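Quick notes on the structure that follows.
Protein chains: 2
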Amino acid sequence: MSERIWTAGLVVIGDEILSGRTHDKNIAQVAEWLQVQGIRLDEVRVVPDIEERIVEAVNALRVRNDYLFTTGGIGPTHDDITVDAVAAALGLGVVVHPEARATLERYYADKPGGLTEDRLRMARVPKGAELIPNRMSGAPGIKIGNIHLMAGVPHITAGMLDALTGTLEGGAPLMAETIGCWTAESEVAGLLREVVKQHDQCQIGSYPFFREGKVGANFVVRSTDADALAACTKSLCDALTEAGYQPVAGGI
Amino acid sequence: MSERIWTAGLVVIGDEILSGRTHDKNIAQVAEWLQVQGIRLDEVRVVPDIEERIVEAVNALRVRNDYLFTTGGIGPTHDDITVDAVAAALGLGVVVHPEARATLERYYADKPGGLTEDRLRMARVPKGAELIPNRMSGAPGIKIGNIHLMAGVPHITAGMLDALTGTLEGGAPLMAETIGCWTAESEVAGLLREVVKQHDQCQIGSYPFFREGKVGANFVVRSTDADALAACTKSLCDALTEAGYQPVAGGI
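Taken in sequence, the protein lines are chains Y and P.
Numbering-wise, the first sequence is residues 744 to 995 according to this note's numbering.
Numbering-wise, the second sequence is residues 744 to 995 according to this note's numbering.
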């Protein structure tokens, strides 16, 4: 099993997220997808539709991670500037990709207006880029170097992630086990700390909640090693049971 | 009306967001709340539970914005390190806040175990900090300089935002009007560009959707000036009507 940890950054582009108008769904879906690929999401930045701000975030996160993903700003309207910003970040020109153009020509052949100049904007890519298939609508995603430009509309992004599944090199997937407990996390903080100390290949996250008028917490044990994960999960269950709680495997 | 634009940054702290396990709700609620205060959310960073990464994000965003907010990592467990990270970012020590300690003593007086050492962790603050009231549970939020440390659990954060309402200096709230239209945004991209050009005090965002098997888009006009907003919204409606569409005030 590979010990190397592969990481990715995500830049979410869009005034609509920063204004609170649109509730982002891409962070969670990209994060979940990356886990399955054995790639750890290391940082997310949400930035406005301003070229220099996109350039700054893209350059910061593409250098320090194996992969960078962006969502948003690849449509046909005036506020869609992600392609230009990423090209600027890489010092590349912008060209019309012949295959993207052909795809858009087919897609718009029977639609009112046909392939207008505005729609042709969606075939523009940083010079040297490849396309990421989009089965939902005509406009493709874009791959240039370690950067993957995806749509802002979540179900289109989902399709693009699907097309990328299995194509990226990753490490051992981070596995997780969840133990739930009807307790205030503050009651078991010491116990958790002890278990973490004894299992250095594992992390434990503590996620409190209030439900049915009661406090509870889910404890998520994570590791890239299956045996270490199982041992740590058992230690935690035993410690909770000894302390008089009734741990619930799988979480509450 | 103030012309100065007030901005805020938000640092979301937590491995659970980056792993996709928890779907963040704080970005949207902080963004919406800031709009009402006349403060623009300028950037969000989601970082893992690692002190140096929190320090980096906090220092980057606190300097370039009027305000900084953080969510997550102020509970009693070993993975709650936001107070230490923010203190480190500011070069401050960490102390137990007497008022926070008294609040926790009252809160835990009738609860099993009382105010344990772990629970007392929630009274720790960067030296010189003030408290942000938390009506939901014993642990307060924390205000130090222009930084506001809030809970990760969304309904506790909501209570803390409520306590802060009206206490921060802001500018003119950004107002918005939404116009919906059953059209592919690519059909009206040129029209939008023209309207934006004619109204330089306004921005227009274009948000496509697929619903009931049809494509549509909502166009959001934003301005801090009510007259400019009304004029731009009217221009957009007129242009869409002239082009043969039936714009829907308030959006679809």
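Here a beta-carbon is modelled for each residue, glycine too, at the ideal position from N, C-alpha and C.
In this text the structure is predicted, and so the values were computed from the model without any measurement.
It is roughly 53 Å from the alpha-carbon of V837/Y to the alpha-carbon of A974/Y. Closest by C-alpha distance to G948/Y, out of G933/P, V801/P and I756/P, is I756/P.
In the structure shown, the three-state DSSP call for S966/Y is strand.
Nearest to P883/P by alpha-carbon distance, out of D970/P, A992/P, G994/P and A845/P, is A845/P. For K957/P, the secondary structure class from DSSP, reduced to helix, strand or coil, is strand.
Scanning its chain for C-beta atoms nearer than 8 Å, with the 5 sequence neighbours on each side dropped, one finds around A960/Y the residues G923, C924, T926, A927, E928, V931, S949, Y950, P951 and F952, in chain order.
Residue-level contact check: R867/Y does not touch chain P, since none of the beta carbons of chain P fall below 8 Å from its beta carbon. Residues of the same chain with a CB within less than 6 Å of the CB of R864/Y, apart from the 5 flanking positions on each side, are P819 in chain order.
Counting along the chain, no alpha helix (DSSP H) covers A751/P; the unbroken beta strand (DSSP E) around it starts and ends at W749 to I756.
Within 10 angstroms of the beta-carbon of A992/P lie fewer than 16 other beta-carbons, which makes it exposed. Around P791/Y, the beta-carbon contacts reaching into chain P at under 8 Å are D785 and E786.
Around the beta carbon of P841/P, fewer than 16 other beta carbons lie within 10 angstroms, which makes this residue exposed.
If you draw a 10 Å sphere on the C-beta of K870/Y, you find fewer than 16 other C-beta atoms in it, and that means exposed. Counting along the chain, no alpha helix (DSSP H) covers A919/Y; the unbroken beta strand (DSSP E) around it starts and ends at M918 to C924. The beta carbon of I887/Y does not come within 8 Å of any beta carbon belonging to chain P, so the residue lies off that interface.
With respect to the 8 Å criterion, Y851/Y and G857/Y are classified as neighbours on the basis of their beta carbons. Counting along the chain, Y810/Y sits inside the beta strand (DSSP E) bounded by residues Y810 to T814. Per DSSP, reduced to three states, the secondary structure at L892/P is strand. Those residues of the region 933–947 of chain P placed with their C-beta closer than 8 Å to a C-beta in chain Y are G933, L935, R936, V939, Q946 and I947, ordered along the chain. DSSP lists F962/P as the bridge partner or partners of S949/P. The way I'd put it, the region 759–767 of chain Y doesn't touch the region 799–808 of chain Y; fewer than three beta-carbon pairs between them come closer than 8 Å. Taken in chain order, the complete beta strand (DSSP E) segments of 3 residues or longer contained in the region 819–892 of chain P are 837–839, 867–869, 873–875 and 884–887. By the neighbour-count definition (other C-beta atoms within 10 Å, threshold 16), V754/Y is a buried residue. The alpha carbon of I817/Y has as its nearest neighbour, out of T859/Y, Y810/Y, I899/Y and V779/Y, the alpha carbon of I899/Y. For I782/Y, no alpha helix (DSSP H) run applies; the uninterrupted beta strand (DSSP E) run containing it begins and ends at I782 to V790, by DSSP. In the DSSP assignment, the residues bridged to A992/Y are I922/Y. In summary, Q778/P is buried, with 16 or more beta-carbon neighbours lying within 10 Å of its beta-carbon over all protein chains present.
Per the coordinates, the alpha-carbon of T750/Y lies some 23 Å from the alpha-carbon of I770/P. At least one beta carbon of chain Y lies nearer than 8 Å to the beta carbon of D861/P. By the beta-carbon neighbour count (other beta carbons within 10 angstroms, threshold 16), E759/P is buried.
For L935/Y, the enclosing alpha helix (DSSP H) has its first and last residue at A932 to Q941. Residues of the region 815–829 of chain Y whose Cβ lies closer than 9 Å to any Cβ of chain P, in chain order: G818, P819, T820, H821, D822 and D823. For D981/P, the closest C-alpha among the options E937/P, C945/P and E775/P is that of E937/P.
Less than 8 Å separates the beta-carbon of V839/Y from that of R867/Y.
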